[in-house]
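FYI, the numbering for the sequence shown is 40 to 167, going by the working numbering. From the three backbone atoms N, C-alpha and C, an ideal C-beta is built for every residue, glycine too. This structure is a prediction, so every number in the text was calculated from the model and none was measured. Shown next, in structure tokens, is the structure this report addresses.
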Amino acid sequence: MQALKGLVAGLGILIVIAMSVIGYGLYRKSTDPGFKFFASADPVAAPAPGDTVIPTLPAQSLPPTHATALPAFGETMVGLPKGCSIEGVSGDGARIYLRIGPGTATCSRVMVLNAATGAQIGVIRIAP
């Protein structure tokens, strides 16, 4: 019985230590976004066998930051069905989203444009 009590007390102490380390890591990450508990010695280390490798995008296809400006693409014509108009515009840096309305079967859609070139990427039709 004493061994069981010792085991439970030991595991309780380990849980408290683990929660403290997690709290410290969260605090450090919130004050320094580049903080890592375990940094590899080689920043370009090869993945271990069996690891999933996520491909990285080339720099020119990443969304722009506040420091980089997109080149002007001049004038782009966007065709809309008769009676439809642009009801809203939003974007995420790399794409421009045009909400087309009113909510009729021919008008309900979202057009997605490339912010760098103005080219239409696609159309999302919305069923009424």
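#### Entry: Spatial neighbours of residue 120 in its chain, beta-carbon cut-off 7 Å, leaving aside the 5 residues before and after
145, 146
### Exposure label - residue 152; buried when at least 16 CB within 10 Å
buried
### Rounded straight-line distance, which links the Cα of residue 162 to that of residue 66
43 Å
### Message
So, under 8 Å CB-CB, residue 116 and residue 137 are touching, yes? Tell me the CB distance rounded to an integer number of Å.
### Response
Contact flag wrong, Cβ pair sits at about 13 Å.
### DSSP state of residue 160 mapped onto helix, strand, coil
strand
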